[in-house]
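Line order of the protein sequences matches chains H and X.
In this text, residue positions in the first sequence follow our numbering: the first is 1, and each later residue adds one.
In this text, residue positions in the second sequence follow our numbering: the first is 1, and each later residue adds one.
Using N, Cα and C, we set each Cβ at its ideal position, and we do this for glycine too.
There are 2 protein chains.
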Amino acid sequence: MWSNFPKERFSLPGMFSARKLNNPRLFPLYIGFIVFFVIFALHHSTYIKGSFMVESSESSVMVIVVTPTYKRYTRVPDMIRMANTLAHVKNLYWIVIEDGNKTSPAVEDILEGTGLQYTYMAHPTAKGFPKKGWYQRTMALRFIRSNTDQILGTSKDGVVYFGDDDNSYDIRLFTDYIRNVKTLGIWAVGYCGGSPVEAPNVTDGKVASFNVQWSPKRVFAVDMAGFAVNLKVVLNSDAEFGTSCKRGTGAPETCLLEDMGLDRTDIEPFGWEGKEGQRKIYAWHTKTKPPYIKGKLETFGYQVEIE
Amino acid sequence: MWSNFPKERFSLPGMFSARKLNNPRLFPLYIGFIVFFVIFALHHSTYIKGSFMVESSESSVMVIVVTPTYKRYTRVPDMIRMANTLAHVKNLYWIVIEDGNKTSPAVEDILEGTGLQYTYMAHPTAKGFPKKGWYQRTMALRFIRSNTDQILGTSKDGVVYFGDDDNSYDIRLFTDYIRNVKTLGIWAVGYCGGSPVEAPNVTDGKVASFNVQWSPKRVFAVDMAGFAVNLKVVLNSDAEFGTSCKRGTGAPETCLLEDMGLDRTDIEPFGWEGKEGQRKIYAWHTKTKPPYIKGKLETFGYQVEIE
Chain H
1 MWSNFPKERF SLPGMFSARK LNNPRLFPLY IGFIVFFVIF ALHHSTYIKG
51 SFMVESSESS VMVIVVTPTY KRYTRVPDMI RMANTLAHVK NLYWIVIEDG
101 NKTSPAVEDI LEGTGLQYTY MAHPTAKGFP KKGWYQRTMA LRFIRSNTDQ
151 ILGTSKDGVV YFGDDDNSYD IRLFTDYIRN VKTLGIWAVG YCGGSPVEAP
201 NVTDGKVASF NVQWSPKRVF AVDMAGFAVN LKVVLNSDAE FGTSCKRGTG
251 APETCLLEDM GLDRTDIEPF GWEGKEGQRK IYAWHTKTKP PYIKGKLETF
301 GYQVEIE
Chain X
1 MWSNFPKERF SLPGMFSARK LNNPRLFPLY IGFIVFFVIF ALHHSTYIKG
51 SFMVESSESS VMVIVVTPTY KRYTRVPDMI RMANTLAHVK NLYWIVIEDG
101 NKTSPAVEDI LEGTGLQYTY MAHPTAKGFP KKGWYQRTMA LRFIRSNTDQ
151 ILGTSKDGVV YFGDDDNSYD IRLFTDYIRN VKTLGIWAVG YCGGSPVEAP
201 NVTDGKVASF NVQWSPKRVF AVDMAGFAVN LKVVLNSDAE FGTSCKRGTG
251 APETCLLEDM GLDRTDIEPF GWEGKEGQRK IYAWHTKTKP PYIKGKLETF
301 GYQVEIE
């Protein structure tokens, strides 16, 4: 086969000639090179299975997911499902912040099981902050700013996303949307704010308004699950989730993004093009029902978090 | 390197000799074999990432998951989370049965995205059956019995599990428990039947009773999420989910298992040993809250299922 190749193809001046290639004593070297190349190529391919074959050139960008959490009946199953989702995503750093005095062994086990890089820390809500993860997300922003190199590792770029543990996420939210955010990415969220879907209103690729029912006049009328910001935006500001957001009629998203120095012209909308016939929703604002528990709280030695 | 190997090592009578190996005209053939072997070995390794490196010798057993489903607000996000979970499991066949006249394109998309083998079919609940997936699970049992070879593929053995789309599952439920069931496997389920956990009561490896609050006298006092049966048990009976289960005080699990000819001595309990200090729960009976939707049901062209 190879010996029938036109010899000219291999005669690159100053490199190697077909004559050398035909030297049988060098064949073990060629075999070594080929085996090494095949191992290298397969190792660096992102193929997992089926359409989870999603990561390509952008996968060197670190996806940084910030998840506030707290002890409740459904926290462990919620975190298990979120872990199963995030574990599909390459190059992801998960920051989980417990609203409590100490971290939970059950959550630690789940995080350990993902094989992802993560930091799990406890910060009980400080006085004046609402009990909605505001303080925990602020602690995460400070952690990102003071541990940037550790989080990025060999990645040169990062994107920060606030993903709560009870929402539902399509893998493509992380691989197709979040990892491609250069400044501020915004997309639709299902079952949110009293609507079947909240979405940016896009004309000629630009967002001038938001298709939401609740408080549509906010500069950024978007749910926490509906945006991500490039790490550079986080590092170039000291914006935090304060004790209140008066500009957001109670919702902190617009205050954070405005305090980061962003305006509507910075928005990169994702998923509005309606390719394949219908626009698809990759983030769903779901809540898990508290279970019906009656009588004694016997756990029979099983690891289960009781409220 | 190779040329320094003792020649005797390669002198297998009737096969090939070191003399032939030294023939440079055969080297392209050897290169081909080596590249093929490396690709084959890597392709058949079960490594995905981190601790999802879970599958070993038992992975040739087909895990057959049966999921009845129906159109509702939270069905798509529920199915997305379940798909993200099952997509981690090798050698899994997913049978999804719509309680309706036709299948849903949104669900079809989710199934397609997993890369798993699956069958998605529509069977509206027949007269007399309760609206709780009984008829759909019966249709799945008939499908398994009449399409066994197609489902098994190259696998020699299978296990059938009834997994609803709103529950939460640890990956190890499928890899460590279900795939190892020889007859009837039973394990703990979290947040079930009014208890933090329902579990088999195990003494000396045997189950004589069940730690449940609701109807503990049933022969099999177990939730749908808490057991799996070997495919042989399914094929050796014509048991189905009938229009009622009088022996189960309304719960169909015990009738199905009794009709399959099983009794308590057949139970293989999983996860009760309390290794690592605490017994762990790998299946959670969760429900997703219906979202708060008010006013008009505008979807802005996004793919969203409306009740």
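Tell me the DSSP secondary structure of residue 147 of chain X in three-state form.
Coil.
Look at residue 282 of chain X and residue 170 of chain X and say whether their C-beta atoms are less than 7 Å apart.
yes
Got a sec, what are the start and stop residues for the beta strand (DSSP E) residue 207 of chain X sits in?
Residue 207 of chain X: member of the beta strand (DSSP E) spanning 206-211, first to last residue.
Backbone secondary structure at residue 52 of chain X - three-state DSSP:
In this prediction, residue 52 of chain X has a pLDDT of 46, which is less than 50 and means its spatial position is unreliable; what the coordinates show is noted afterwards. Helix at residue 52 of chain X.
Please list the terminal residues of the continuous alpha helix (DSSP H) segment that includes residue 85 of chain H.
75-86
Assumed close pair residue 261 of chain H, residue 255 of chain H - CB separation to whole angstroms, cut-off 8 Å:
Not a contact, Cβ separation roughly 12 Å.
Looking at the structure shown, is residue 230 of chain H part of a helix, part of a strand, or coil, going by DSSP?
Shown here, residue 230 of chain H sits in a strand according to DSSP, grouped into three states.
Count the C-beta pairs between the stretch 131-150 of chain H and the stretch 188-207 of chain H that are closer than 8 Å, then say yes if the count reaches three, no if not.
no
Is it true that the stretch 106-114 of chain X meets the stretch 197-209 of chain H, where meeting means three or more beta-carbon pairs spaced less than 8 Å apart?
They do not touch, by the three-pair rule.
Classify residue 81 of chain H as buried or exposed, calling it buried when 16 or more other Cβ atoms lie within 10 Å of its own Cβ.
buried
Using DSSP with H/G/I as helix, E/B as strand and the rest coil, what is residue 134 of chain H?
helix
Nearest-angstrom Cα distance between residue 292 of chain H and residue 253 of chain H?
33 Å
Anything in the stretch 72-84 of chain X with a Cβ closer than 8 Å to a Cβ of chain H? List those residues in chain order, please.
73, 74, 76, 77, 78, 80, 81, 84
With a threshold of 6 Å, establish whether the CB of residue 134 of chain H neighbours any heavy atom of the ligand PLP.
This structure lacks the ligand PLP; in fact it carries no ligand of any kind.
CA-CA distance, residue 271 of chain X and residue 269 of chain H?
47 Å
Would you mind stating whether residue 163 of chain X and residue 228 of chain X have Cβ atoms separated by less than 7 Å?
Between residue 163 of chain X and residue 228 of chain X, the gap from beta carbon to beta carbon reaches 7 Å or more.
State buried or exposed for residue 121 of chain H, treating a residue as buried only when at least 16 other CB atoms are found within 10 Å of its CB.
exposed
Would you tell me roughly how many angstroms separate the C-alpha atoms of residue 179 of chain H and residue 105 of chain H, rounded to the nearest one?
30 Å
Give the residues of chain X in contact with residue 204 of chain H, contact being defined as C-beta atoms less than 7 Å apart.
Correct list: empty, because the minimum Cβ distance to chain X is about 16 Å.
Residue range of the unbroken alpha helix (DSSP H) whose run includes residue 68 of chain H:
Taken as a continuous stretch (DSSP letters only), residue 68 of chain H belongs to no alpha helix (DSSP H), being part of the beta strand (DSSP E) at 62-69.
Through-space distance from residue 75 of chain H to residue 274 of chain X, alpha-carbon basis:
Put simply, the backbone Cα of residue 274 of chain X is about 22 Å away from that of residue 75 of chain H.
Backbone secondary structure at residue 199 of chain H - three-state DSSP:
strand
Could you tell me whether the Cβ atoms of residue 146 of chain X and residue 62 of chain X are closer together than 7 Å?
no
What does residue 189 of chain H pair with, by DSSP beta-bridge criteria?
As DSSP reads the structure, residue 189 of chain H sits in a beta bridge with H:198.
Interface residues of the stretch 251-284 of chain X facing chain H [CB-CB below 7 Å]:
274, 278, 279, 280, 281, 284
Closer than 8 Å at the beta carbon, the chain H residues around residue 88 of chain X:
Those are 84, 87, 88, listed as they occur along chain H.
Cβ pair residue 284 of chain H, residue 168 of chain H closer than 7 Å:
Yes, they are a contact pair.
Which residues of the stretch 206-219 of chain X have a Cβ closer than 9 Å to any Cβ of chain H? Give them in chain order.
Residues passing the 9 Å Cβ filter: 211, 213.
Assuming residue 119 of chain H is part of the beta strand (DSSP E), what are its boundary residues?
Note, residue 119 of chain H: beta strand (DSSP E), 117-122.
Mind listing the chain X neighbours of residue 306 of chain H? Cutoff is C-beta to C-beta under 8 Å, in chain order.
196
Would you mind working out which of H:125, H:119, H:77 sits nearest residue 65 of chain H, comparing C-alpha positions?
H:119
Beta-carbon contacts of residue 214 of chain X that lie in its chain and below 7 Å, excluding the five residues immediately before and after
193, 194
Helix, strand or coil at residue 279 of chain X [DSSP, three-state]:
strand
Since residue 267 of chain X sits in a beta bridge, which residues does DSSP pair it with?
X:184
Whole-angstrom C-beta distance between residue 130 of chain X and residue 101 of chain X, which should lie under 8 Å:
Their Cβ separation, rounded to whole angstroms, is 19 Å, which puts residue 101 of chain X and residue 130 of chain X out of contact at 8 Å.
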